[in-house]
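In my numbering, the protein residues as written are 520 to 730.
Don't be surprised by glycine CBs; every beta carbon is placed ideally from N, CA and C.
Laid out in structure tokens, this is it:
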């Protein structure tokens, strides 16, 4: 079952698959849309098809560029509209604390905050606009955003490839009943992993704020 799904993904036209993945990542990186577009999840799924070096490199390049362009648009929005973004309904409802933390870190850490924020859920969506609002020069923002996008995409594509290969190996030695149990365990594990990452991200941000 899992192998059939992965084979189906791999048989899809690569330009369409890569383009759709790049679009999801772009939308996630643009201010506010990160709450609606599952860019990270889409990347992990698409990465299961990057089983050859050319496929890996093409997906890596497209995702890196799309993430960087999305971040740049977010920066431009923040630079132009500034503090008024904080009062929007979307930020007030979903990311007010993250916005304040991102702005505070950027004021103290500058471009380094842009790089490391790429690996933090929610905060990475708001950081580009917060960087524009905080007055961080674009000449410093862009290299940090590009480096962060490049490392983030390489990491997640590698994880996706590894997960795809592991799923095939597991399915080859397990029956259908075992796969159902495994699927349930994986879903439970992903749920607790997401909660742990979110809690850790909040704790790390608070520690940085205290420095």
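- Task: Drop a sphere of 10 angstroms on the beta-carbon of residue 679, count the other beta-carbons inside from all chains shown, and report buried for 16 or more, exposed for fewer.
- Result: buried
- N- and C-terminal bounds of the alpha helix (DSSP H) containing residue 598: Taken as a continuous stretch (DSSP letters only), the alpha helix (DSSP H) holding residue 598 covers 572-600.
- Item | Distance between residue 716 and residue 707 (C-alpha atoms, nearest Å) | Answer to the nearest angstrom: the Cα atoms are 14 Å apart.
- Query: For residue 525, which residues of its own chain have a beta-carbon under 6 Å away from its beta-carbon, when the five flanking residues on both sides are left out?
  - Reply: Because residue 525 sits at a pLDDT of 48, beneath the cut-off of 50, its placement in the model cannot be relied upon, and the point is left open.
- Task: Would you mind stating whether residue 642 and residue 620 have Cβ atoms separated by less than 8 Å?
- Result: Yes, the pair counts as a contact, with Cβ atoms nearer than the cut-off.
- Task: Could you check which residue in 538, 545 and 587 has the C-alpha nearest to that of residue 578?
- Result: 538
- To the nearest angstrom, how far is it from the Cα of residue 585 to the Cα of residue 640? 17 Å
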